[in-house]
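So the sequence lines, in the order shown, correspond to chains D and L. Sequence positions in the first sequence follow this note's numbering and run 1 to 308. Sequence positions in the second sequence follow this note's numbering and run 1 to 255.
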Amino acid sequence: MAAVTATRAPFELSTPIVLASGPAGFGFELEEALCYESVGALTTKTVTPRPRAGNPQPRLVDCAAGLLNSIGLENPGFDRFVSEVLPDLGRLTTRRIVSLAAQQPDELARMVEMLSAVPTIDALELNLSCPNVDSVVQGSDPMLAAAFVREARAATGTTLIVKLPGDAGTILAVSQAALDAGADGLTLINSVRGLRIDHRIGRPMLDRVTGGLSGPAILPIALARVYEVRQAFPRAFIIGTGGVTDLASTIEMLAAGADAVGIGYGVMADPSLPTRLADGLDAWLAERGIASLADVIGAAHRGGFLVP
Amino acid sequence: MTKRAQQVATARNGPLFSVSNAVLIDRSLGNGYARVSLGGIPDADVARPGQFLMIRRLGSRALPRAFSVLGAEGDRVDLFLKLDGLLRELLGSVPPGTRFELRGPYGVPYEDRISPGRKYVLVGGGSGAAPLLFLHEQCPDLVADVVLGFRHDGAARLLDRYDLVVESVDGRRAHDRLGDVWRIGLGIVACGPEPMLRAIGADFGDQPDVYVSLEARLGCGIGSCLGCSIPTTDGTRRICRDGPLFACSEIPWLR
């Protein structure tokens with residue numbers, strides 16, 4: 001397997017394929033469908049300080065080339081996560097990134113601190129960008145993002161990755177703020193806020209009106225954000241996430257500058273996709289005679305890779 | 001093993017298959033409905049009544065759609081569906097020989113959810129007939145009567161091999177007929193559109209062993225994405241993994 005070396009990455013990843021937060025849940029259901037050895041890291045469903053029942057049905061609406069979701073951060077809450085989920089997380093044979101979100105910086109920092117010394121957790125992902133909850137999207141505002149990251153950083157020495165929205169106007173300022181506040185890496189991007197209306201009755205299809213668009217529809221947006229942030233921050237560790245569903249889009253995401261590639265919608269549609277992508281990438285590298293993933297990552301900034 | 005791990009382990013409902021080239025071998029269309037047979041599925045017959053398959057066109061990147069199994073034999077599964085919108089596109093208008101990706105069977109089989117030692121009236125509306133006909137075929141001893149309602153009369157011809165009286169072309173809704181055949185001591189297993197389930201909940205919801213099979217747009221089908229979560233009296237549950245069958249008494253909007 002082509003590994004991601006611990007140069008920009010905070011630790012080695014056995015493959016660049018990362019399960020994005022959300023569709024993979026806490027990873028256990030996927031044990032039946034994929035081979036965790038082919039997954040560089042699992043990012044858990046986002047955990048919040050208190051339990052959240054999530055949003056009412058419908059939660060998923062089909063779109064051309066994608067899906068609008070309104071899950072609403074359904075999760076058992078931090079305490080039950082620690083007592084019921086965390087003890088089993090260690091059996092998954094991959095890196096484990098726990099995703100966290102809170103409405104206030106101190107609430108986030110409290111969870112971060114309590115997970116600091118857990119040996120089965122490789123990193124924490126601060127979700128500053130869920131489009132489906134009440135609070136403002138923290139990751140759209142550099143000051144707000146910095147406040148969350150700064151408090152979390154002060155609470156732990158564990159690797160902190162910050163997940164940001166794909167907003168074109170603020171991405172560089174927010175990335176700068178997060179990195180300056182002590183983030184070890186960025187996950188770009190979350191699902192994109194979108195809307196569908198039932199044309200027969202003129203009403204929004206989702207109870208909360210808008211939801212998060214994911215799937216192939218958002219690939220070009222994610223690629224653009226990853227490209228822009230890579231250009232501005234050559235040393236930042238980036239997990240590029242958004243619309244990757246096949247080998248070609250995986251290579252695109254790496255070439256745009258992602259060190260690792262998050263899979264969300266793709267694993268929902270096909271739980272075996274991560275394994276197929278990791279195998280496919282190995283075969284492609286061998287076929288092209290490319291010795292190292294490093295030759296692919298960011299290639300779009302260097303005039304592409306050599307074509308044999 | 002922690003409670004969580006036990007839940008995950010016990011939620012597995014037997015063997016799974018994942019087939020990347022299932023093939024459309026037969027299709028009958030009847031006024032708004034279709035009966036579809038897909039072949040080339042090794043061990044297709046592990047599917048049990050109430051379970052469903054996730055299906056999409058081979059090579060597609062779309063989210064698959066869930067279909068209840070109507071029948072499974074050898075390497076073949078039969079489906080029964082209402083032909084509208086995306087389903088018409090997926091299965092209704094493609095030629096025989098078309099190839100599909102298919103995974104499953106998922107969901108808790110009805111037999112594993114309902115109380116044993118009781119007979120049931122099966123009540124189906126539209127494509128909700130599929131799992132009930134499968135249950136009737138596989139477990140005739142559990143079944144006291146079958147009442148099926150369809151909006152279009154094409155369904156009767158498509159389901160003729162089941163040797164069942166397909167009712168309601170006269171416009172009577174299935175749950176009205178339920179009142180004629182249900183008697184004290186019988187349970188109910190219902191699968192169909194929400195208005196039908198609401199009517200059953202209103203008239204029979206306080207009886208023991210009344211079960212409803214619920215539907216939602218499923219994401220992953222395996223219980224990890226939480227796209228099909230619903231509130232129940234026992235907390236949030238996933239239609240795909242904890243269901244699709246639930247006791248009527250567990251569902252707040254049916255009580």
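Note that CB positions come from ideal geometry on N, CA and C, so glycine has one too.
Show which residues of chain D have a CB atom less than 7 Å away from the CB atom of Ile230 of chain L.
Ordered by position in chain D, the residues that pass the 7 Å Cβ test against Ile230 of chain L are Gln57.
Which value, in whole angstroms, describes the spacing of the CA atoms of Val143 of chain L and Leu135 of chain L?
Their Cα atoms are separated by approximately 8 Å.
Taking Ser175 of chain D as part of the alpha helix (DSSP H), name the residues at either end of that continuous run.
From DSSP, the alpha helix (DSSP H) with Ser175 of chain D extends over 171-180.
Within the 8 Å Cβ cut-off, does Gly219 of chain L reach chain C?
No chain C is part of this structure, whose protein chains are labelled D and L.
So which of D:Ser83, D:Arg193, D:Leu160 has the shortest CA-CA distance to Leu186 of chain D?
Looking at D:Ser83, D:Arg193, D:Leu160, the one whose alpha-carbon comes closest to that of Leu186 of chain D is D:Leu160.
If I follow the unbroken beta strand (DSSP E) through Glu73 of chain L, where does it start and stop?
That run of the beta strand (DSSP E) goes 71-73.
For Leu92 of chain D, return the contacting residues in chain L, with the cut-off set at a CB-CB distance below 7 Å.
The premise fails here: Leu92 of chain D is roughly 11 Å from chain L at the closest Cβ pair, so nothing lies under 7 Å.
Chain L residues whose Cβ lies nearer than 8 Å to that of Gly54 of chain D
Those within 8 Å of Gly54 of chain D in chain L are Leu226, Ser229, Thr236.
Applying a beta-carbon distance threshold of less than 8 Å, which residues of chain L neighbour Ile71 of chain D?
Neighbours of Ile71 of chain D on chain L, chain order: Cys225, Leu226, Gly227, Ser229.
Any alpha helix (DSSP H) of 4 or more consecutive residues that is wholly inside the segment 155-222 of chain L
174-181, 194-204, all fully within the segment 155-222 of chain L.
Spatial distance of Ala117 of chain D from Ala152 of chain D (CA atoms)
Ala117 of chain D and Ala152 of chain D have their C-alpha atoms roughly 14 Å apart.
Kindly list, in the order they appear in chain L, the residues whose Cβ is closer than 7 Å to that of Gly77 of chain D.
The premise fails here: Gly77 of chain D is roughly 12 Å from chain L at the closest Cβ pair, so nothing lies under 7 Å.
What are the boundary residues of the beta strand (DSSP E) that Tyr120 of chain L is part of?
The continuous beta strand (DSSP E) containing Tyr120 of chain L extends over residues 120-125.
Under 9 Å between beta-carbons, which chain L residues line up against Thr120 of chain D? List them in chain order, please.
Around Thr120 of chain D, no beta-carbon contact reaches into chain L at under 9 Å, the shortest distance being about 13 Å.
What in chain L is Cβ-close to Pro234 of chain D, meaning under 7 Å?
By Cβ distance, chain L contributes nothing, its closest Cβ being about 32 Å from Pro234 of chain D, past 7 Å.
Using DSSP bridges, identify the partner residues of Pro204 of chain D.
In the DSSP output, where bridge partners are listed per residue, Pro204 of chain D has D:Ile197.
Which value, in whole angstroms, describes the spacing of the CA atoms of Leu148 of chain L and Arg65 of chain L?
Taking the straight line joining both Cα atoms gives about 23 Å.
Is it the case that the segment 86-106 of chain D contacts the segment 224-237 of chain D, given that we only count it when at least three CB pairs across the two stretches are under 8 Å?
No, the segment 224-237 of chain D does not touch the segment 86-106 of chain D.
Does the distance from the CB of Asn55 of chain D to the CB of Ser99 of chain D come in under 8 Å?
Judged by beta-carbon spacing, Ser99 of chain D lies beyond the 8 Å limit of Asn55 of chain D, meaning their Cβ atoms are not closer than that value.
Quick check on the burial criterion: 16 or more other C-beta atoms within 10 angstroms. Buried or exposed for Met196 of chain L?
Of the other Cβ atoms in all chains shown, 16 or more fall within 10 Å of the Cβ of Met196 of chain L; this residue is therefore buried.
Residue range of the alpha helix (DSSP H) that includes Met1 of chain D:
Counting along the chain, Met1 of chain D falls outside any alpha helix (DSSP H), and DSSP gives it neither H nor E.
Taking 8 Å as the threshold (C-beta atoms), are Val69 of chain L and Ile41 of chain L in contact?
Taking 8 Å as the Cβ cut-off, Ile41 of chain L and Val69 of chain L do not qualify as a contacting pair.
Could you work out which residues of chain L lie near Ser272 of chain D, taking near to mean beta carbons separated by less than 7 Å?
Within chain L, the C-beta atoms nearer than 7 Å to that of Ser272 of chain D come from Ser18, in chain order.
Helix, strand or coil for Ile238 of chain D? Go by DSSP, reduced to three states.
Reduced to three states, the DSSP call for Ile238 of chain D is strand.
By alpha-carbon positions, which one of D:His301, D:Glu287, D:Gly139, D:Ile263 ends up nearest to Pro216 of chain D?
Looking from the CA of Pro216 of chain D, the closest CA among D:His301, D:Glu287, D:Gly139, D:Ile263 belongs to D:Ile263.
Cutoff 6 Å; reference Arg56 of chain L; Cβ partners in own chain excluding five residues on either side:
Cβ-Cβ distances below 6 Å link Arg56 of chain L to Ala62, Pro64, Glu101 in the same chain, with the five nearest sequence neighbours on each side left out; the list follows chain order.
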